[in-house]
Amino acid sequence: MSEKDKIKTLLVKKPLKLDCGQTISDFPLAYETYGKLSDKKNNAILVFHALTGDQFASGINPITKKDGWWNYALGPDKAIDTNKYFVIAANVIGGCMGSFGPSDINPETKKPFGTNFPVITINDMVNAQYNLLEYFKIEKLFCVIGGSMGGMQVLQFVSNFPNKAHTAIPIACTASHSAQNIALNELGRQSIMADSNWQDGFYEEQNTQPDKGLAVARMAAHITYLSKAGLQEKFGRKLQERDDLKFSFDADFQIESYLRYQGSVFVDRFDANSYLYITRAMDYFDLTKKFGGNLSKAFEKSNTKFFIISFTSDWLYPTSENREIVIALNAIGKDVGFVEITSDKGHDSFLLDVPDFLSTVRNFLNKSYEKI
Amino acid sequence: MKKEFYNIANLVTKNAKILDVGCGNGELMKYITENISKDIRGIELSKSNVQKCVEKGLTVIEGDAEKDLRQFPDNSFDFVILSQTLQAFLDPENVLNELLRIGKKAIVSIPNFGHWKVRLHLLLKGTMPVTENLPNEWYNTPNLHMCTIKDFENYCNQRNIKINLKNLKFQNLFSELGIFILKK
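Quick note, the sequences are listed as chains A and B, same order. In short: position in the first sequence from 1, add 201, done, that's our numbering. In short: position in the second sequence from 1, add 110, done, that's our numbering.
Laid out in structure tokens, this is it:
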């Protein structure tokens, strides 16, 4: 079985008009499913992944051979219990795990798209994934859930398809990317583009990769996913396999070594152009834009029950930004719950073993499922 | 469930839209959901209580009533419930105004500082009263603004808040708790 055979793909024939103006059709959408769809088709959960995630949310990722990115939360007997629910997860378009992305071959040039790939948005990603509902003939999802960029997709999904999900759980996200968010993403993009191997985005034709730039982008981003307290507790000023400072620019400190490692493993599994495209999509995300700055209007037609979760130590998508969504929903009398989970693990808390978070998700899902 | 909650639950009407401000572990909300109206949600400050509400399958918003009532539009609930927390707010006047703005009716309960046991305690012992309903000492009590049923009635009258109250003198002496329905 070749690598590609391990990826399930839906070929979307229907044309999709992108926000940038271009229309795409006959494009691949890679997905994975967990659990079994009930006869009534009322137990389906659509999981949206974050910036560097993919469709392999649970179990072992057959491509990277590493644990799925949401293994703590998703699987048999876990918070999102796949013995009970049917979970669908897709790779976003623009991504690099089998969905239509910048590494795909441009039929016109017979070469990889590179930076000729159209700029995509969160709206485009969600509209592409909506095809999965039709494919599985699911009239209404039980839940849409995701953290970070996955949470943005949750918000966009409910706004676009107001009656297609009973419940929605946006986690550690925002309705509008802040200047700080954009700045941090731009830092990552500039790092990639400053790598001479990037070749204006056509590195695949040259059989090279901007690994150094991508690794630095990942290192910088990784810091934003953790909290100061979490870093201090885990690393402090501990030295890396040495008794004293070496008076050089080697990785003296454990935190340096850790970040270098995070950067180096990332380049093996992620495409630099995908990183550019997906961070761009996040930066363009502003759900209020279409509604004259009024977020409530984005949800006016929805009858979805919202449950919003943030984390105390998340400074990337802080509680205050999550609360903006709660406020917008309350302002129009929508059904919304909100919980801030105490954790010193920063933005990444939603991916990690944070028992309060996992039990909260489990309780909300199971209690809501009893009512539908 | 404590008697106060049955009394409060008896004041709300079938299928009314209700907000329970400071809903605690959700005991009252659960009772109302199961017996009177499913259209109920709560606001709660304590994280552990919020978790207990989620476990019960209740809609709860983690938040602070002193700041977070602002987000609700005028008259968005048929009833807004505030059980024994008014005296603990920094600015109870503001909270009361918000309750009456967002609710068509507000159901407010207060521990009565005019109860005879409280009066007697202060008179005979000369120390701050500690009773079943007011279990804390002066230095660790969360109650910043204690009042009597009579104080509360006077306040409502001054502000033109409609309040249901009979046998005031009797109640102010013999009720440990005052439960009121308020309207603008």
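Using N, Cα and C, we set each Cβ at its ideal position, and we do this for glycine too.
Close Cβ partners of residue i (< 7 angstroms) along its chain, the five nearest in sequence each way excluded
| i | result |
| --- | --- |
| Thr258(B) | Asn222, Phe223, Gly224 and Asn282 |
| Val160(B) | Glu154, Val170 and Glu172 |
| Arg481(A) | Val320 |
| Ala452(A) | Gln441, Ser458 and Arg461 |
| Ile150(B) | Ile128, Asp130, Met139, Ile142 and Thr143 |
| Leu210(B) | Ala216, Ile271, Leu292 and Lys294 |
Residues that residue i bridges to, as DSSP identifies them
| i | result |
| --- | --- |
| Asn307(A) | Lys312(A) |
| Glu172(B) | Glu154(B) |
| Ile225(A) | Leu217(A) |
| Glu335(A) | Answer is none; Glu335(A) lacks a bridge partner. |
| Cys133(B) | None, per the DSSP bridge assignment. |
| Val190(B) | Leu129(B) and Ala216(B) |
| Ser511(A) | Glu541(A) |
| Lys272(B) | Lys293(B) |
| Asn222(B) | Cys257(B) |
| Gly269(A) | In DSSP, Gly269(A) forms no bridge with anything. |
| Thr480(A) | DSSP output for Thr480(A) lists no bridge partner at all. |
Residue i vs residue j beta-carbon contact at 9 angstroms
| i | j | result |
| --- | --- | --- |
| Leu415(A) | Ile424(A) | no |
| Val131(B) | Val228(B) | no |
| Val562(A) | Ile339(A) | no |
| Tyr232(A) | Ala290(A) | yes |
| Thr283(A) | Gly348(A) | no |
| Leu179(B) | Met139(B) | no |
| Lys215(B) | Asp184(B) | no |
| Ile372(A) | Ile526(A) | no |
| Lys127(B) | Ser186(B) | yes |
| Phe486(A) | Ser377(A) | yes |
| Val404(A) | Gly494(A) | The sequence as given places Tyr at residue 404(A); Val does not occur at that position. No; because the gap between Cβ atoms is not below 9 angstroms, this pair is not in contact. |
| Phe343(A) | Ser569(A) | yes |
| Leu238(A) | Phe287(A) | yes |
| Pro303(A) | Gly402(A) | yes |
heavy atom of the ligand FMN below 8 angstroms from residue i C-beta
| i | result |
| --- | --- |
| Gly222(A) | Among the components modelled here there is no ligand, and therefore nothing to report on the ligand FMN. |
Closest residue to residue i among the options (Cα-Cα distance)
| i | options | result |
| --- | --- | --- |
| Asn120(B) | Leu179(B), Ile146(B) and Asn250(B) | Ile146(B) |
| Gly288(B) | Gln268(B), Asn243(B) and Lys148(B) | Asn243(B) |
| Asn253(B) | Phe284(B), Leu232(B) and Ile220(B) | Ile220(B) |
| Lys429(A) | Phe448(A), Leu385(A) and Thr513(A) | Thr513(A) |
| Lys293(B) | Gly213(B), Asp261(B), Pro245(B) and Leu230(B) | Gly213(B) |
| Gln463(A) | Gly254(A), Phe403(A) and Ala418(A) | Ala418(A) |
| Phe318(A) | Lys546(A), Ser465(A), Asn324(A) and Asp305(A) | Asp305(A) |
| Ser392(A) | Ile383(A), Ala421(A), Phe454(A) and Thr375(A) | Ala421(A) |
| Asn564(A) | Val122(B), Gly152(B) and Lys162(B) | Lys162(B) |
| Thr234(A) | Cys221(A), Val248(A) and Asn243(A) | Val248(A) |
| Val537(A) | Tyr249(B), Leu129(B) and Lys260(B) | Leu129(B) |
| Lys157(B) | Ile542(A), Trp399(A) and Ile323(A) | Ile542(A) |
| Ile456(A) | Gly437(A), Asp469(A), Asp444(A) and Arg443(A) | Gly437(A) |
| Asn567(A) | Ile142(B), Lys166(B) and Tyr116(B) | Lys166(B) |
| Pro363(A) | Asp545(A), Glu501(A) and Leu517(A) | Glu501(A) |
| Tyr476(A) | Asp255(A), Ser511(A) and Gln223(A) | Asp255(A) |
| Leu334(A) | Asn243(A), Asp515(A), Asp445(A) and Ile533(A) | Asn243(A) |
| Phe471(A) | Ile225(A), Gly299(A) and Asp278(A) | Gly299(A) |
| Met353(A) | Ala380(A), Gly260(A) and Thr322(A) | Thr322(A) |
| Asn104(B) | Ala198(B), Glu176(B) and Gln181(B) | The requested residue 104(B) is not part of the displayed model; chain B covers only 111 to 294. |
Which of helix, strand or coil DSSP assigns to residue i
| i | result |
| --- | --- |
| Phe450(A) | coil |
| Tyr149(A) | A question about residue 149(A) goes unanswered here, because the residues of chain A that appear run from 202 up to 573. |
| His150(A) | No information on residue 150(A) is available, as it lies outside the stretch 202 to 573 that chain A covers here. |
| Cys297(A) | coil |
| Gly288(B) | strand |
| Phe343(A) | strand |
| Val288(A) | strand |
| Leu254(B) | coil |
| Ala366(A) | strand |
| Gly494(A) | coil |
| Ile261(A) | strand |
| Asp178(B) | helix |
Same chain only: Cβ atoms within 6 angstroms of residue i, ignoring 5 sequence neighbours per side
| i | result |
| --- | --- |
| Thr505(A) | Val359, Ala366 and Ala369 |
| Gln330(A) | Ala291 |
| Leu252(A) | Met350 and Ile479 |
| Glu137(B) | Met111 |
| Asn262(A) | Gly269 |
| Phe551(A) | Gly348, Ile372 and Ala373 |
Contacting residues, own chain, Cβ-Cβ under 8 angstroms from residue i (five flanking each side not counted)
| i | result |
| --- | --- |
| Phe247(B) | According to the sequence shown, residue 247(B) is Glu rather than Phe. These residues qualify, in order along the chain: Met238 and Val240. |
| Lys148(B) | Asn125 |
| Lys491(A) | Ala499 |
| Trp399(A) | Ile393, Pro411, Gly414 and Ala473 |
| Asp554(A) | Tyr273 |
| Asp227(A) | Leu212, Val213 and Lys214 |
| Lys341(A) | Asn243, Asn364, Lys365, Ala366 and His367 |
CB contact check: residue i to chain C, cutoff 9 angstroms
| i | result |
| --- | --- |
| Thr561(A) | Among the protein chains of the structure shown, namely A and B, there is no chain C. |
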